[in-house]
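As structure tokens, the structure follows; a few thoughts come after it.
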Amino acid sequence: MTQAPVNVTVTGAAGQIGYALLFRIASGQLLGPDTPVRLRLLEIPQAVKAAEGTALELEDGAFPLLAGTDIFDDAKQAFAGANVALLVGARPRTKGMERGDLLEANGGIFKPQGEAINAGAADDIKVLVVGNPANTNALIAQAHAPDVPAERFTAMTRLDHNRALAQLSKKLGVPVSEIKKLAIWGNHSATQYPDIFHAEVAGKNAAEAVNDQAWLADTFIPTVAKRGAAIIEARGASSAASAASAAIDHVHTWVNGTPEGDWTSAAVVSDGSYGVPEGLISSFPVTARNGKYEIVQGLEIDEFSRARIDASVQELTEERDAVKKLGLI
Ligand code: NAD
Ligand code: LMR
């Protein structure tokens with residue numbers, strides 16, 4: 001190892017996503033095969049013992065890139081010196097529960113974590129919020145980190161993006177690698193809008209290749225938007241390995257960039273683009289260059305897409321107003 005290790009803080013490390021995520025970080029899949037990492041795990045006191053068990057297993061993995069694992073039950077210590085922070089720890093949605101119900105329960109977690117990031121994270125900190133309701137939790141954390149550039153706070157819609165890629169690939173019988181420029185707009189919730197109108201499949205427009213408006217409106221969009229609930233229904237627990245995989249993708253792309261001629265989806269702080277109120281953390285089509293996510297500009301949005309983007313952004317606005325009322329931002 002020639003380079004100093006990158007500090008990666010993971011909250012909720014003893015949870016099911018944490019278990020799927022940590023070994024992939026340690027193996028180099030988050031930051032690349034040449035970047036050593038030091039893991040800093042944050043858990044609530046009752047789960048520290050379980051996190052210690054995971055740390056024993058991480059040691060047993062003998063990962064050449066893993067410089068060490070430290071465990072904390074104090075946010076200030078866990079985020080001290082963090083270069084990358086994966087905010088996974090939250091209360092998962094259980095059967096029949098909507099994300100709105102989680103706002104209050106989770107809001108209290110993300111305020112102190114934002115403060116801790118503000119107080120002690122490294123200057124180049126990049127934050128990905130996975131814990132639901134992810135967009136609004138990211139907004140809460142960001143609001144309490146006034147010294148960190150707002151653009152460093154993001155929330156995960158890469159899982160939705162990957163789900164959309166998989167559904168379109170199945171429908172058209174093409175490998176996912178041939179699909180470019182899909183986009184998820186709005187909230188990581190059932191109101192999200194997976195958009196194929198700008199997508200390309202083997203160089204052709206995806207909506208034209210599908211040529212089936214009923215499938216788009218009645219099958220594709222609801223399948224992607226409600227996939228989280230379908231997995232909860234089937235497994236009796238929310239998605240874990242696919243969520244961990246998407247978190248790896250999100251940070252890897254952020255650090256290493258998007259390929260020429262493609263983009264991805266991430267929930268980032270709105271600059272007012274596409275009529276999304278400034279400051280909301282909403283999903284957009286984004287490119288990544290030089291360690292920065294940027295919203296793809298200049299896309300034409302037709303009426304069909306406009307109505308769906310507006311509905312999801314409206315939900316984000318309501319979540320923001322609700323946490324404001326609760327004094328969380
Ligand atoms: P889990 O219950 O298995 O694990 C959560 C862990 O977080 C637990 O170990 C718990 O002790 C810990 N935790 C709780 N409060 C904490 C705090 N204040 N600080 C540190 N750790 C804390 O849940 P999971 O299945 O790993 O899911 C985690 C979150 O990710 C949930 O909110 C879930 O809804 C969300 N999720 C998001 C996406 C997405 O696409 N954005 C996908 C799947 C799951
Ligand atoms: C998912 O999309 O799988 C997660 O966000 C789980 C959920 O709460 O829907």
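Counting along the sequence shown from 1, when you hit position 26 you're at 26 in UniProt numbering, and nothing is skipped either side.
Glycine included, every Cβ here is placed at the ideal spot set by N, Cα and C.
In this text, all values refer to a predicted model and were calculated from it rather than measured experimentally.
DSSP-derived helix/strand/coil call for isoleucine 17: Of the three classes helix, strand and coil, the one that applies to isoleucine 17 here is helix, per DSSP.
Alanine 141 beta carbon less than 8 Å from that of phenylalanine 153: Yes, these two residues count as a Cβ contact at 8 Å.
Beta-carbon contacts of methionine 1 that lie in its chain and below 6 Å, excluding the five residues immediately before and after: With a pLDDT of 48 at methionine 1, under the threshold of 50, the modelled position of this residue cannot be trusted; read the value that follows with caution. So the qualifying residues of the chain are Pro36.
Supposed contact pair asparagine 187 and aspartate 147 - C-beta distance, whole angstroms, cut 8 Å: Not confirmed; about 27 Å, so no contact.
Opening and closing residue of the alpha helix (DSSP H) in which lysine 226 lies: Here lysine 226 belongs to no alpha helix (DSSP H), and DSSP marks it neither H nor E.
Any non-hydrogen atom of ligand 2 closer than 7 Å to isoleucine 232 Cβ: Answer for isoleucine 232: yes, Cβ within range of ligand 2.
C-beta neighbour in chain B for asparagine 83, strict 8 Å: Reference to chain B is not applicable here, since this structure consists of a single protein chain.
Cβ-Cβ distance between valine 269 and leucine 103 below 8 Å: It is not a contact, given that the beta carbons lie outside the stated cut-off.
Where methionine 1 falls: helix, strand or coil (DSSP): Model confidence at methionine 1 stands at a pLDDT of 48, short of 50, so the residue's coordinates are unreliable; what they give is reported in the following sentence. Assigned with DSSP and collapsed to three states, methionine 1 falls in coil, not helix or strand.
Close Cβ partners of alanine 14 (< 6 Å) along its chain, the five nearest in sequence each way excluded: Excluding sequence positions up to five before and after alanine 14, its CB lies within less than 6 Å of the CB of Glu43, Ala47, Ala50, Ala51, all in the same chain and listed in chain order.
Threonine 69 vs leucine 31 beta-carbon contact at 8 Å: No, the Cβ-Cβ distance between threonine 69 and leucine 31 is not below 8 Å.
Cβ-based burial, valine 276 [other Cβ within 10 Å; buried from 16]: So valine 276 ends up on the buried side.
Three-way DSSP call (helix, strand, coil) for glycine 108 in this model: It is helical.
Which of helix, strand or coil DSSP assigns to glycine 236: Under the three-state reduction of DSSP, glycine 236 is assigned to coil, being neither helix nor strand.
Proximity test, alanine 90 beta-carbon vs ligand 2 heavy atom, cut-off 7 Å: Alanine 90 Cβ: outside cutoff for every heavy atom of ligand 2.
Where lysine 126 sits in the DSSP three-state scheme: Correct three-state label for lysine 126: strand.
Every unbroken beta strand (DSSP E) inside the segment 156–235 [3 residues or more]: With a minimum length of 3 residues, the continuous beta strand (DSSP E) runs that stay inside the segment 156–235 are 183–185, 193–195.
8 Å CB neighbourhood of leucine 326 in its chain, flanking five on each side removed: Hits under 8 Å: Leu103, Glu104, Gly107.
Reduced DSSP category for valine 84 - H, G, I as helix; E, B as strand; rest coil: Valine 84: strand per DSSP, three-state reduction.
Proximity of valine 210 and isoleucine 196 at Cβ, strictly below 8 Å: Contact: yes.
Extent of the continuous alpha helix (DSSP H) to which alanine 266 belongs: Note, alanine 266: premise wrong, no alpha helix (DSSP H); beta strand (DSSP E) at 264–269.
8 Å CB neighbourhood of alanine 4 in its chain, flanking five on each side removed: Pro36.
Contact check, valine 224 vs arginine 163, beta carbons under 8 Å: Against a cut-off of 8 Å, the Cβ pair of arginine 163 and valine 224 comes out as a contact.
Beta-carbon proximity list for asparagine 290, same chain, < 7 Å, skipping 5 on both sides: The answer is none, since no qualifying residue turns up.
Same chain, Cβ closer than 7 Å to arginine 241, neighbours up to 5 away in sequence not counted: A small fix is needed here, since residue 241 is alanine in this sequence, not arginine. The answer, listed in chain order, is Ala20.
Which of helix, strand or coil DSSP assigns to serine 27: Here serine 27 carries a coil assignment [DSSP, helix/strand/coil].
Threonine 317 - DSSP class collapsed to helix/strand/coil: If DSSP states are grouped into helix, strand and coil, threonine 317 belongs with the helices.
Buried versus exposed, by CB contacts within 10 Å (16 or more), threonine 219: Burial call: exposed.
C-alpha gap between valine 144 and proline 112, whole angstroms: It is worth fixing the name first, because residue 144 is histidine in this sequence and not valine. One C-alpha to the other measures close to 8 Å.
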